[in-house]
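Peer 1: One structure coming up, written as structure tokens, with questions to follow.
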Amino acid sequence: AAEAVLEQLLALPEAIEGTVAGSLRRGKPTIGDIDLLIAVNTMDDAPAIMERFVNMDNVAKVLRQGPTKSMVELLNGLVMDLRVLEKARWGTALQYFTGSQAHNVKIRQIALERGYSLNENALRPTDETGQLIENAEPVLCDTEEAVYEHLGLQWIPPELREDMGEIEAAQQKALPRLINENDIIADLHMHTTWSDGWLSIQEMAEAARARGRQYIVITDHSQSLGIANGLSVERLLAQQEEVRAIDAAMGDDFHIFHGVEMDIKADGTLDYPDEVLAQLDFVIASLHVSLKQPREQITMRLLNAIRNPHVDMIGHPTARQIPKREPVDADMDAVFTAAKEYQTALEINANPLRLDLDGSYARRAVEMGIPLAINTDAHKAEHMDLLHYGIKTARRGWVQAENVINTWPVERFRKWLNRGNNT
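Under this note's numbering, the residues of the sequence shown are numbered 1 to 423, in order.
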């Protein structure tokens, strides 16, 4: 919704620049209102933009309309705020309205220590007591980089702005180079018409290649998940033949691996015996059933999967669904310790209803040296375009490309798949 509205407003000749701000820009999994900012050369241009905003087709009602700030409720129930400001003040405004509050409190404190009062309009010089100096020329910043630079800081990516150590890292010029969408060259979790997907293996492969992927893993559901048309052993092995044939026909610049998204059953056993798993290229183990079990049981199920030598990745590890299902109650310390020991990857599932692992767990995985994978769990081609939600979530967790196995060239990925066979 935000992108579509921005597109309409930026089409106006008066609009120079525009973006989302607030929690959406920071990549939070759930948001309240949507904050939009539009820059103009002069405030005389603001009314034309406000007029367009309040008269959009998807506006249900105008909650507030003013010369520089308006608020509307859209037909889908979302509330959207728009602020229009001069381009010369873009940097301070974008910094201020992106937040978070905790981040901004500390940034304003740093500004005061350097002799400035910072708000959305400017950096204004202050005396030793912190009082504004009369008639002193304010410092206008038309980029965020300029704001942070004036404060002796590296520019801080929005996803990190939660006062969780990012300001101290920026003071040391030690922020990580966060992962970007174009670092991802593979998708390791997707479904086809063999289980509950909408497209054939061939169609999913072509859709992935069209989006710049270099390899994919086909991971349909396993036999006990009847609701998703899970694969019996016979169907799984028949599917493997089809995958091999299509892979061969796709040429040398694109690879299809054969895997499965296997259920971790309620009693903690896995849905296929080891001799079946040994024939697959890549095995995801996921919790789908009996999610309200006590902590010990859920933890035992996850640990059984992590310790199995054939399991490569745990899918959506906490099994949450936003907003209707809380994460399972598991001993995540034990889960992370085991994942580190066995070098089993943990997924950041990019579906906006999952975003699982979340940013804080992703950061813990990075700090512990646990491999991550950012996948779309696509059931049709359009789902592959949800990748950016997973990237945002990963960036909130300080994740770099090196931490994510599906940024690796295919040969390195193959080698990693065989990691247990050398011992």
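Beta carbons: idealized from backbone N, C-alpha and C, even for Gly.
Where does LEU160 sit, in a helix, a strand or coil, going by DSSP?
Peer 2: By 1-based counting over the sequence shown, the position of residue 160 is 160. Three-state DSSP puts LEU160 in a helix.
Peer 1: Looking at GLU261 and SER286, is the spacing between their C-beta atoms short of 8 Å?
Peer 2: Sequence index remark: in the sequence shown, residue 286 carries index 286 (1-based). Sequence index remark: in the sequence shown, residue 261 carries index 261 (1-based). The answer is yes: Cβ separation under 8 Å.
Peer 1: So, are the CB atoms of ALA207 and ALA350 less than 8 Å apart?
Peer 2: By one-based count along the sequence shown, residue 207 stands at place 207. By one-based count along the sequence shown, residue 350 stands at place 350. Cβ distance not < 8 Å, so ALA207 and ALA350 don't count as in contact.
Peer 1: Just the C-alpha distance for ARG209 and VAL5, rounded to the nearest angstrom, thanks.
Peer 2: Counting from one through the sequence shown, the residue named residue 209 turns up at place 209. Counting from one through the sequence shown, the residue named residue 5 turns up at place 5. ARG209 and VAL5: Cα-Cα distance of roughly 30 Å.
Peer 1: Starting from GLN400, trace the beta strand (DSSP E) in both directions and tell me its first and last residue.
Peer 2: Along the sequence shown, read from residue 1 onward, the residue named residue 400 stands at position 400. Premise fails: GLN400 is in no beta strand (DSSP E) and is neither H nor E.
Peer 1: What are the start and end residues of the beta strand (DSSP E) that includes MET457?
Peer 2: This structure cannot settle anything about residue 457, because the visible part of the chain is limited to 1 through 423.
Peer 1: According to DSSP, PRO125 sits in a beta bridge with which residue or residues?
Peer 2: Translated into the one-based positions of the sequence shown, residue 125 becomes position 125. In DSSP, PRO125 forms a bridge with TYR116.
Peer 1: Is the separation between the beta-carbon of LEU10 and that of GLY18 shorter than 8 Å?
Peer 2: On the sequence shown, residue 10 is found 10 positions in, with the first residue counted as 1. On the sequence shown, residue 18 is found 18 positions in, with the first residue counted as 1. In this structure, GLY18 lies closer than 8 Å to LEU10 by Cβ.
Peer 1: As a quick exercise: from ALA93, SER100, TRP408 and GLY32, pick the residue whose alpha carbon is nearest that of LEU123.
Peer 2: Residue mapping note: residue 123 aligns to position 123 of the sequence shown, counting from 1. The option with the nearest alpha carbon to LEU123 is ALA93.
Peer 1: Does the distance from the CB of ASN429 to the CB of ILE256 come in under 8 Å?
Peer 2: The structure shown does not extend to residue 429, since the chain spans only 1 to 423, so no value can be given for it.
Peer 1: So what does MET262 bridge to, in DSSP terms?
Peer 2: Taking the sequence shown and counting its residues from 1, the one referred to as residue 262 is at position 262. DSSP output for MET262 lists ALA285 as bridge partner(s).
Peer 1: In terms of alpha-carbon separation, which member of PRO158, ILE298, LEU74 and PRO309 lies closest to PRO317?
Peer 2: As a first step, residue 317 is located in the sequence shown; it is residue number 317 there, counting from the start. Of the listed residues, the one whose Cα sits closest to PRO317 is ILE298.
Peer 1: Can the beta-carbon of ILE49 be found less than 8 Å from the beta-carbon of VAL84?
Peer 2: For this step, residue 49 is matched to residue 49 along the sequence shown. For this step, residue 84 is matched to residue 84 along the sequence shown. Their beta carbons are under 8 Å apart, which means ILE49 touches VAL84 by this criterion.
Peer 1: So what does ALA373 bridge to, in DSSP terms?
Peer 2: Taking the sequence shown and counting its residues from 1, one reaches residue 373 at position 373. Bridge partners of ALA373: GLU347.
Peer 1: Who are the near neighbours of ASN422 in its chain, counting only those whose CB is closer than 8 Å to its CB and skipping five residues on each side?
Peer 2: Reading the sequence shown from its first residue, position 422 is the one you call residue 422. Here the model assigns ASN422 a pLDDT of 45, short of 50, so the residue's position is not dependable, and the following value carries that caveat. Around ASN422: no qualifying Cβ.
Peer 1: Quick one: is the Cβ of ALA210 within less than 7 Å of any heavy atom of the ligand COA?
Peer 2: As for the ligand COA, it is missing from this structure, which has no ligand bound.
Peer 1: Taking the Cβ atom as the reference point for each residue, do ASP271 and SER222 lie within a distance shorter than 8 Å?
Peer 2: What you label residue 271 is simply residue 271 of the sequence shown in a count that begins at 1. What you label residue 222 is simply residue 222 of the sequence shown in a count that begins at 1. Yes; because the gap between Cβ atoms is below 8 Å, this pair is in contact.
Peer 1: Would you mind working out which of PRO67, VAL40 and VAL54 sits nearest PRO47, comparing C-alpha positions?
Peer 2: Counting from one through the sequence shown, the residue named residue 47 turns up at place 47. Of the listed residues, the one whose Cα sits closest to PRO47 is PRO67.
Peer 1: CA-CA distance, MET56 and ASP44?
Peer 2: Counted from its first residue, the sequence shown places residue 56 at position 56. Counted from its first residue, the sequence shown places residue 44 at position 44. Between MET56 and ASP44, the C-alpha separation is close to 21 Å.
Peer 1: Using the rule of at least 16 other Cβ atoms within 10 Å of the residue's Cβ for burial, across every protein chain shown, is ALA378 buried or exposed?
Peer 2: Along the sequence shown, one-based indexing puts residue 378 at 378. Buried is the call here.
Peer 1: Taking 8 Å as the threshold, find out whether the region 385–396 comes into contact with the region 358–369 through three or more Cβ pairs.
Peer 2: The region 385–396 vs the region 358–369: in contact.
Peer 1: If you compare alpha carbons, which of LEU153, GLU162 and ILE227 is closest to SER195?
Peer 2: One-based indexing of the sequence shown puts residue 195 at position 195. For SER195, the nearest C-alpha among the options comes from ILE227.
Peer 1: Hey, which unbroken runs of the beta strand (DSSP E) at 3 residues or more fall wholly within the region 286–358?
Peer 2: Counting only runs of 3 or more, we get 345–349.
Peer 1: So, for SER200: in the same chain, excluding its five sequence neighbours on each side, which residues have a beta-carbon less than 7 Å away from its beta-carbon?
Peer 2: Here residue 200 corresponds to residue number 200 of the sequence shown, with the count starting at 1. Within the same chain, SER200 has close Cβ partners THR192 and THR193.
Peer 1: Nearest-angstrom Cα distance between LYS424 and ALA146?
Peer 2: Coverage of the chain is limited to positions 1 through 423, which leaves residue 424 absent and any answer about it impossible.
Peer 1: Can you check DSSP and say which residues form a bridge with ALA39?
Peer 2: Walking along the sequence shown from the start, residue 39 turns up at place 39. BP columns for ALA39 point to GLU17 and LEU85.
Peer 1: Going by beta-carbon coordinates alone, are ILE370 and PHE336 separated by less than 8 Å?
Peer 2: Walking along the sequence shown from the start, residue 370 turns up at place 370. Walking along the sequence shown from the start, residue 336 turns up at place 336. Cβ distance < 8 Å, so ILE370 and PHE336 count as in contact.
Peer 1: Using DSSP with H/G/I as helix, E/B as strand and the rest coil, what is LEU9?
Peer 2: Along the sequence shown, read from residue 1 onward, the residue named residue 9 stands at position 9. Looking at LEU9 - three-state DSSP - the assignment turns out to be helix.
Peer 1: Return helix, strand or coil for LEU237, following the three-state DSSP convention.
Peer 2: The residue given as residue 237 occupies position 237 in the sequence shown. Three-state DSSP puts LEU237 in a helix.
Peer 1: Measure the alpha-carbon distance for GLU113 versus LEU151 and round it to whole angstroms.
Peer 2: The residue labelled residue 113 in the question sits at position 113 within the sequence shown. The residue labelled residue 151 in the question sits at position 151 within the sequence shown. Cα-Cα distance, rounded: 9 Å.
Peer 1: Compare the Cα-Cα distances from GLU137 to each of TRP408, PHE53, THR126 and GLN8 and report the closest residue.
Peer 2: Taking the first residue of the sequence shown as 1, we reach residue 137 at position 137. Looking at the Cα atoms, THR126 is the closest of the given residues.
Peer 1: Using DSSP's beta-bridge definition, name the partner residues of VAL139.
Peer 2: Taking the first residue of the sequence shown as 1, we reach residue 139 at position 139. In the DSSP output, where bridge partners are listed per residue, VAL139 has LEU123.
Peer 1: Between which two residues does the alpha helix (DSSP H) containing LEU386 stretch?
Peer 2: Working through the sequence shown from its first residue, we reach residue 386 at position 386. Counting along the chain, LEU386 falls outside any alpha helix (DSSP H), and DSSP gives it neither H nor E.
Peer 1: With 8 Å set as the bound, which would you pick, yes or no: does the beta-carbon of VAL105 sit closer than that to a beta-carbon of chain C?
Peer 2: Note that chain C does not occur in the displayed structure, where there is just one protein chain.
Peer 1: Could you give the distance in angstroms between the alpha-carbon of ALA88 and the alpha-carbon of MET332?
Peer 2: Residue 88 sits at position 88 when you count from the first residue of the sequence shown. Residue 332 sits at position 332 when you count from the first residue of the sequence shown. ALA88 and MET332: Cα-Cα distance of roughly 47 Å.
Peer 1: What number of angstroms, rounded off, separates the C-alpha of THR129 from the C-alpha of ALA111?
Peer 2: Translated into positions along the sequence shown, residue 129 becomes position 129. Translated into positions along the sequence shown, residue 111 becomes position 111. The straight-line gap from Cα to Cα measures roughly 13 Å.
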